[in-house]
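Enquirer: Taking numbering that gives the first Met the number 0, the leading residue of the sequence shown gets 0, the next gets one more, and so forth.
Ideal placement from N, C-alpha and C gives every residue a C-beta, glycine not left out.
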Amino acid sequence: MALLMVAPAPPAAAADQAKLTVSATVLKRASLKVLAQPTSLTLTEADVARGYVEVPAPAQVAVKNNSNEGYMLVVANRGDFVRRLRVRGLGDEVQIGASGGFVRQPGGPVVTRVLDLGFRFELSESAQPGVYPWPVQLSVTPI
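1) Opposite residue 40 in the DSSP bridges: which residues?
2) Work out the CA separation of residue 24 and residue 80 for me, nearest whole Å.
3) On a CA-only basis, which of 83, 123 and 58 is nearest residue 113? Give me that one, please.
4) Helix, strand or coil: how does DSSP classify residue 49 here?
5) What does the alpha-carbon distance come out to for the pair residue 34 and residue 48?
6) From this set, 139, 93, 72 and 101, which residue's C-alpha is nearest residue 120's C-alpha?
7) Can you tell which of 131, 141 and 116 has its C-alpha closest to the C-alpha of residue 36?
8) For residue 85, which residues does DSSP report across the bridge?
9) Rounded to whole angstroms, how far is the Cβ of residue 131 from the Cβ of residue 104, which I believe are closer than 8 Å?
10) So, residue 141 versus residue 78, is the Cβ gap smaller than 8 Å?
11) Between the Cα of residue 91 and the Cα atoms of 32, 51 and 102, which residue gives the shortest distance?
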């Protein structure tokens with residue numbers, strides 16, 4: 000009987016082994032930070048007579064995106080004096096209507112991309128000279 004007590008028992012760890020599978024889903028995310036942007040836009044009599052005003056590169060934004068499919072840059076027009084907006088700095092010049100629009104941008108590895116944007120505001124018939132709040136609001140959404 001003493002031999003039975005001294006005999007080694009089979010390792011308990013072998014009977015208690017289990018497999019554990021771990022997975023993670025990374026949610027698509029895009030964010031925009033305004034680095035520089037005017038607070039107002041001045042329309043002169045000459046601008047109104049010409050029908051547009053050029054603003055070369057007043058806005059600088061940093062976009063961070065983790066979606067391989069890219070992101071949509073949302074351009075909202077907040078000025079009722081603007082009938083169309085042309086945006087430069089996104090590769091090709093992009094035309095946005097009075098109600099605003101979306102511009103698809105490429106994806107890839109998580110990177111912060113700085114965009115220097117210029118604008119040409121094509122004025123509506125009702126545009127009047129004056130100082131107006133900056134009429135463009137930008138945001139992003141991942142694809």
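Expert: Taking the definition as stated:
1) Mapped onto the sequence shown, residue 40 falls at position 41. 131.
2) Taking the first residue of the sequence shown as position 1, residue 80 is located at position 81. Taking the first residue of the sequence shown as position 1, residue 24 is located at position 25. Going from the Cα of residue 80 to the Cα of residue 24 covers about 45 Å.
3) In the sequence shown, the residue the question calls residue 113 occupies position 114. Out of 83, 123 and 58, 58 has the C-alpha closest to the C-alpha of residue 113.
4) Counting from 1 along the sequence shown, the entry for residue 49 is found at position 50. DSSP places residue 49 in helix when its eight states are reduced to three.
5) Walking along the sequence shown from the start, residue 34 turns up at place 35. Walking along the sequence shown from the start, residue 48 turns up at place 49. When rounded, the distance between both Cα atoms is 32 Å.
6) The count along the sequence shown starts at 1 and reaches residue 120 at position 121. Comparing Cα-Cα distances from residue 120 to each of 139, 93, 72 and 101, the minimum goes to 93.
7) Residue 36 sits at position 37 when you count from the first residue of the sequence shown. Ranking 131, 141 and 116 by Cα distance to residue 36 puts 116 first.
8) To locate residue 85, count along the sequence shown from 1; it is residue 86. According to DSSP, residue 85 bridges with 94 and 119.
9) For the purposes of this step, residue 131 is identified with residue 132 of the sequence shown, where counting begins at 1. For the purposes of this step, residue 104 is identified with residue 105 of the sequence shown, where counting begins at 1. Going by Cβ atoms, the distance from residue 131 to residue 104 rounds to 28 Å, so no, they are not a contact pair.
10) Stepping through the sequence shown from its first residue, residue 141 is reached at position 142. Stepping through the sequence shown from its first residue, residue 78 is reached at position 79. No, Cβ-Cβ distance for residue 141 and residue 78 is not below 8 Å.
11) The count along the sequence shown starts at 1 and reaches residue 91 at position 92. Selected option, being the one with the closest Cα: 102.
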